[in-house]
Structure formats: C-alpha cells, structure tokens
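Q: Line by line, the protein sequences are chains A and B. Positions 1 to 297 (our numbering) are the ones given, in order, by the first sequence. Positions 298 to 594 (our numbering) are the ones given, in order, by the second sequence. Got a structure for you, written out below as structure tokens; questions coming shortly.
Protein chains: 2
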Amino acid sequence: MTADFQKWAGNCQTRIEIFLDDRLPETNREPERLHSAMRYTVLGGGKRVRPLLSFAAGELNGADEARVTVVGAAVELIHAYSLVHDDLPCMDDDVLRRGKPTCHIEYDEATALLTGDSLQSMAFQLLAENQVTDSAQIQLEMIKQLAYASGSRGMAGGQAVDLASVGKILTLPELEFMHIHKTGALIRAAIMLGAHCGDRLNDRQLEQLDHFSKCVGLAFQVVDDVLDAEATTATLGKTAGKDADNNKPTYVSILGVSQARELAETLRRDAFQSLESFGEAAARLRQVTDFIIQREF
Amino acid sequence: MTADFQKWAGNCQTRIEIFLDDRLPETNREPERLHSAMRYTVLGGGKRVRPLLSFAAGELNGADEARVTVVGAAVELIHAYSLVHDDLPCMDDDVLRRGKPTCHIEYDEATALLTGDSLQSMAFQLLAENQVTDSAQIQLEMIKQLAYASGSRGMAGGQAVDLASVGKILTLPELEFMHIHKTGALIRAAIMLGAHCGDRLNDRQLEQLDHFSKCVGLAFQVVDDVLDAEATTATLGKTAGKDADNNKPTYVSILGVSQARELAETLRRDAFQSLESFGEAAARLRQVTDFIIQREF
Chain A
1 MTADFQKWAG NCQTRIEIFL DDRLPETNRE PERLHSAMRY TVLGGGKRVR
51 PLLSFAAGEL NGADEARVTV VGAAVELIHA YSLVHDDLPC MDDDVLRRGK
101 PTCHIEYDEA TALLTGDSLQ SMAFQLLAEN QVTDSAQIQL EMIKQLAYAS
151 GSRGMAGGQA VDLASVGKIL TLPELEFMHI HKTGALIRAA IMLGAHCGDR
201 LNDRQLEQLD HFSKCVGLAF QVVDDVLDAE ATTATLGKTA GKDADNNKPT
251 YVSILGVSQA RELAETLRRD AFQSLESFGE AAARLRQVTD FIIQREF
Chain B
298 MTADFQKWAG NCQTRIEIFL DDRLPETNRE PERLHSAMRY TVLGGGKRVR
348 PLLSFAAGEL NGADEARVTV VGAAVELIHA YSLVHDDLPC MDDDVLRRGK
398 PTCHIEYDEA TALLTGDSLQ SMAFQLLAEN QVTDSAQIQL EMIKQLAYAS
448 GSRGMAGGQA VDLASVGKIL TLPELEFMHI HKTGALIRAA IMLGAHCGDR
498 LNDRQLEQLD HFSKCVGLAF QVVDDVLDAE ATTATLGKTA GKDADNNKPT
548 YVSILGVSQA RELAETLRRD AFQSLESFGE AAARLRQVTD FIIQREF
C-alpha cells in the first residue's frame, strides 16, 4: 500500500467520519440511549471499505466528493445496521466487533434491535434529503438500488441463506449465491452509487463496472474467510475462527486456504480486466481492490 | 359506519392487498423461508388504517388512486415491520398478532428479524421505483418524510421511549411525547404522503393537515389504550391487557377509562376543526377519523 493511497484513504475515512458524526442525532437528544447506541455503533471504527469503493468509483467520472460522501455514508449505515442485527443472540450471537463489545452487550438487545432499524431508516433519509446527483430522477434510481441491495433480494436475503446453510455442505455455486447477496449486493451498491454521483457512464461502462463489483464482492468474502480461518481474535478485532465453530460453510472449508487464496487472485485479475477501458481514471479502484484483497485484518 | 364508507374502505383495502401481493417476492423465490415470512406478516390481515388515511388525504386534492396505493403500501410495510420487531422476545415478547401466531413463533427469531429488516427496505424501494407524484424532487421529499417518521426521531425513537418507560410513572405530556413518535409519526406520514400524491396544497393547508394528523395519531393511541384495557383477546386479535401486565403507562392508567374516552372525543373535535377549510373534499378524512375513534377492536 503506497503512502499516496494511505493518505487518500485516510482523507476519505475522515470525510465519512465527520459527515456521520454531524448527521447522527446527538446523544443528549431524546431518546438518548438509542442515539448513544447509534453513535457507538457507527463512529470511530471500521475500515470503511464500502465508502472507499464509492469514492474510488466516483473518480471514474469526476464525481463531486461532497456528494460521494453522502452516498458512502448511506451505504456504511446499511452495513453498520446489518452488523448490529447480525451480532444479536438470535443470529450470530457475537460479543465482539471492531475490538469493542457488540451493541447488545454494551447496551441491551432491544436497544440494539432499534439501533439497527434506525440506522437503516437514516441511510434512506440521507440519500433523500441531500442532493447527490444533478437529476432527481437518477437519485430516485439510486435509492431504489440501495433498497434492493439491502432487502430480501440482497443483503438480508443473503443472511437468510447463510442461516439456513449452517451445518450443511454447500457446493461452490451455492456458496457464491449466498455471498453475492450477503456481501456482494451492498459492495455493488457502494460502487454503482459512487459512480452515479458523477457524469453519466454509458451502458457498456456500467456493465463493466457491474462485473468489476461482482468480482470485488466475492474476493472480499474469500479473503474474509481466509482471514477468519488464519487470524487470531486480537488482530481481527472480532471473534476469530467463529465460522468453523458455528459449522458454517466457507471458501476455506470447501477449497482449503491455499486454493481460496488462488481464487482471490483469479477474481482480482478478472476485476482488473473489467476496468481496462477506464484507463487511468480507474487507478483508485485498482488500489482499493488491492487494499481489500491484500489486507491482513 | 355507513354502507358507503364500508364499501370505500373495502375497495382501498383490496387495492393495498392486491398491490402488496403482487410486489412481495414469491415464496418459491430464494430465500424461500424469508419470503414466506414476509408474505405471512403483511398479507391477509390488519385494518390498513394508515393506507385508509393516505387514500382519504389523497381525496383532498385529486390524487391518482394508483399513486396513493404505492404510498399506502409503503407506509403499511413500515408498520408491518415494526410489529414484527415489536413482538420479538427482546421487545414485547408477544405470541399473537392479528389473530395469528406472531412471526417469530410461526417461523423463528432470526427469520422474524430479517423479515422486519427486509420489509423496511422494501418500503423505500416501492417509494423510489414507482412514480407517486409529478415531480421527482417532491418524491425525494416524500421518501425523506417516511424515513424520518420511521427512524430514531420517529417511530423507532418512540419505541425506545416506550421501553424506557416500563414501570415508570409518566406525566401526560411525557406519554404524549412517546406516542407522537411511536404511533403518531407514521400516521402523520401516511396522511401527508397521501396528500403529496395530488395537486400541491398551500402552506396553510399543509399546516392544517399536519395538525389534523397529530390529533388523529394521538386519538388512535388513546382509543388503543382503552380497547386494550377493556377488550378480550378474542375480539382484539392480539393479547389483551398486556400493557397493564407489562406495567406500561397508558392513557387509561393515567386518566382512567372514562376520561380517556373524553380525551379521544376532544381530539376528534380538534381534528375536525382543522379540516374545516377543506369543506367536502375532507369528507373521507372525517369518516376515517370516526372509523379510528369509534372502532371496537
């Protein structure tokens, strides 16, 4: 990771942090406990991978950074809500997230439930109340894309498949189906919404970007599985090895670590290929892709 | 309730039912269990009070019924999601809703959690992907209003206050604050969004309609409290007397049944007064108001 990329990524992360800090309701505003839990969940942690992808996609076509910030923040709120609900006892029942107690441990289950619910509402609120593109019609299309990516035919649907797969042996295509929904849909939305903030791309370009999104989304999950299998809880900031403990199928359980790493590399090449026609404008997207695939936690 | 009103309400309810049945993902679509739970939760039950308010508000200014149907369905999805999450063990822990087992009893807790999450996403999806007004800019404003009404400064916030109030003695203003958020915000959104589907109202009219919404929202809750205190589980279709059992403050616990009934009547008069300048165009809104206040279950 070059110093230039580190600086760029740091700037993006700061922009997102400042924006969310500004827009999340203050903790002295009723209901205080809920607003405190929302801020606890969202602020001061996380790699902000999805917003980084939004910013990098925005650079394809000259998107205004302030607009991409809104989009990145909205996607991050959806991601944050999904983590809070995912950690609940009736789901993954996890106590550690981003190195801190999970929301229902720090607060309580009911507050965690309402925190997730409220963060989801807030994501759509942000996308509706801030101008993120020149055309209100395209902005509606962006809200639709985020809603699809979040719902039963996107992320929430992927989580349902994930739950149903515990203790089962999945084929590689079945595992892929699950992750395209569970992780891929929101990563795709982060990229496409970032690009929608700038000048219009033509259909061919949108298609290429869409294929890129799919590769990156899968690669992200493959790497996640490898890290989960190899890392310790301390470096990961969340409970390590829990997939195996929970008897969940992963890329590692199906392919083994070494073939899973190879798959990530194949997906990386495929992703880069679909960016070719963008030339230098896609430099940041390539860097974020490497950041995702070569990360160590 | 006149035969004419019954017929109108039946038509509205049918429109909503057909539209939601058409738009909710089929149960043979993966993830099947989640889609089945979504349909179980939303279809074939409920008085559809909020959509009725949307339709009635749309009649103030000639709104197209197909457009109001979208708005009413979106609001109803938010309402349905809130019920599913509200019934979970970590919240009200209820087993009966609309005369049927609650979602987490019929399915399981994780599925109920994801069902609520997915219904919320779908509400915003419907409002973004269907044209509900001539101006895309106003449509964005409508999405913003629904998001606010749903989130921590609306319905979810009201539920947080509700949870925090268990076992406490609230003053009447504190109880009102809770209900303006918990029930009132979404009822207000139903009415205002219905009106936004038609010709523009002027600021004075919007103000009057807003005041009407506030009165109806509170009246709805006052009547709910009275019914909960008086009804049996069989007529109510949900567990009766649970507010008292849960040691929750209600209008009945603070005022007693007879004064609570008087308060509902006062709110009814106040609501009607704010509709005066609309004349005959507000006839349906008056009827729905009476339907809400004079209902027996």
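Glycine included, each C-beta is placed from N, C-alpha and C at the ideal position.
Looking at the structure shown, is L24(A) part of a helix, part of a strand, or coil, going by DSSP?
A: Coil at L24(A), not helix or strand.
Q: Does any residue of chain A bring its CB to less than 9 Å from the CB of R581(B)?
A: It does not: the Cβ of R581(B) has no partner Cβ on chain A nearer than 9 Å.
Q: Going by beta carbon distance, what residues of the same chain come within less than 6 Å of A354(B), once the five residues before and after it are set aside?
A: Around A354(B): I488, G491 and A492.
Q: Grab me the residues of C12(A)'s own chain with a C-beta within less than 8 Å of its C-beta, minus the 5 sequence neighbours each way, in chain order.
A: Within the same chain, C12(A) has close Cβ partners R48, P51, L52, F55 and G72.
Q: Let's see if you can read the secondary structure: which residues bound the alpha helix (DSSP H) around A156(A)?
A: Run containing A156(A): M155 to S165, per the alpha helix (DSSP H) assignment.
Q: Along the chain, where does the alpha helix (DSSP H) containing P249(A) start, and where does it finish?
A: First-last for P249(A): undefined, no H or E at that position.
Q: With a cut-off of 9 Å, does the C-beta of K441(B) fall near any C-beta of chain A?
A: Closer than 9 Å to some Cβ of chain A, the Cβ of K441(B) qualifies, so yes.
Q: Taking the runs of the alpha helix (DSSP H) that are 4 residues or longer, which of them lie wholly in the stretch 394 to 471 of chain B?
A: Entirely contained in the stretch 394 to 471 of chain B, the alpha helix (DSSP H) runs reaching 4 residues are, in chain order, 400 to 403, 406 to 426, 433 to 447 and 452 to 462.
Q: Counting only Cβ-Cβ distances shorter than 9 Å, please list the residues of the stretch 60 to 92 of chain A near chain B, keeping chain order.
A: Taking 9 Å as the Cβ-Cβ cut-off against chain B, the residues of the stretch 60 to 92 of chain A that qualify are I78, Y81, S82, H85, L88, P89, C90 and M91.
Q: Report the neighbours of E129(A) on chain B: residues whose CB is nearer than 7 Å to its CB, in chain order.
A: By Cβ distance, chain B contributes K441.
Q: Could you tell me whether any Cβ in chain A is nearer than 9 Å to the Cβ of K414(B)?
A: In the sequence as presented, Lys is not what sits at residue 414(B); that position holds Asp. For D414(B), the answer is yes, since a Cβ of chain A falls inside 9 Å of its Cβ.
Q: Which whole-angstrom value describes the C-beta separation of I551(B) and G514(B), a residue pair presumed to lie in contact below a C-beta threshold of 8 Å?
A: Actually they are not in contact, since the Cβ atoms of I551(B) and G514(B) sit about 18 Å apart, beyond 8 Å.
Q: If we count the other Cβ atoms within 10 Å of its Cβ and call it buried at 16 or more, is I18(A) buried or exposed?
A: Flag for I18(A) reads exposed.
Q: List, in chain order, every chain B residue whose beta-carbon is nearer than 7 Å to that of R153(A).
A: By Cβ distance, chain B contributes P322.
Q: Less than 6 Å between C-beta atoms, sequence neighbours within five positions excluded: which residues of the same chain meet that for E356(B)?
A: Result list for E356(B): R581, in chain order.
Q: Give me the residue from L460(B), G396(B) and G455(B) with the minimum Cα distance to T619(B).
A: With chain B covering only 298 through 594, there is no way to say anything about residue 619(B).
Q: Got a sec: which bits of the stretch 93 to 113 of chain A sit with their beta carbon under 9 Å from any beta carbon on chain B, in order along the chain?
A: Result list: H104, D108, E109, A110, T111, A112 and L113.
Q: Please state if the CB of Q120(A) and the CB of Q417(B) are separated by a distance shorter than 9 Å.
A: Yes. Within cutoff.
Q: Apart from the five residues just before and just after I590(B), which ones in its own chain have a Cβ nearer than 6 Å to its Cβ?
A: Result list for I590(B): A516, V520, A561 and R565, in chain order.
Q: Where E109(A) and L88(A) are concerned, what is the direct C-alpha to C-alpha distance, given to the nearest angstrom?
A: Distance between the alpha carbons of E109(A) and L88(A): 7 Å.
Q: Which first and last residues belong to the alpha helix (DSSP H) in which T366(B) is found?
A: Start and end: E362 to D383.
Q: Is the Cβ of F177(A) closer than 9 Å to any Cβ of chain B?
A: Closer than 9 Å: yes.
Q: Can you list, in chain order, the residues of its chain whose CB lies under 7 Å from that of S118(A), leaving out five sequence neighbours each side?
A: For S118(A), where only same-chain residues beyond five positions count, the Cβ hits under 7 Å are L34 and M38.
Q: Give me the Cα-Cα distance between E323(B) and P173(A), rounded to the nearest whole angstrom.
A: Using only the alpha carbons, I get a separation of about 22 Å.
Q: What are the boundary residues of the alpha helix (DSSP H) that includes K47(A)?
A: No alpha helix (DSSP H) holds K47(A); DSSP gives it neither H nor E.
Q: At least one CB of chain B closer than 9 Å to the CB of P173(A): is that the case?
A: Output row for P173(A): interface = no.
Q: Ignore the nearest five residues each way along the sequence and tell me which others in K168(A)'s own chain have a CB closer than 8 Å to its CB.
A: Cβ neighbours of K168(A) beyond the five flanking positions: P249.
Q: Would A112(A) and V84(A) be called neighbours here (beta carbons separated by less than 9 Å)?
A: Contact: yes.
Q: Taking the CB atoms as reference points, tell me whether T430(B) and R364(B) lie closer together than 9 Å.
A: Cβ atoms of T430(B) and R364(B): closer than 9 Å.
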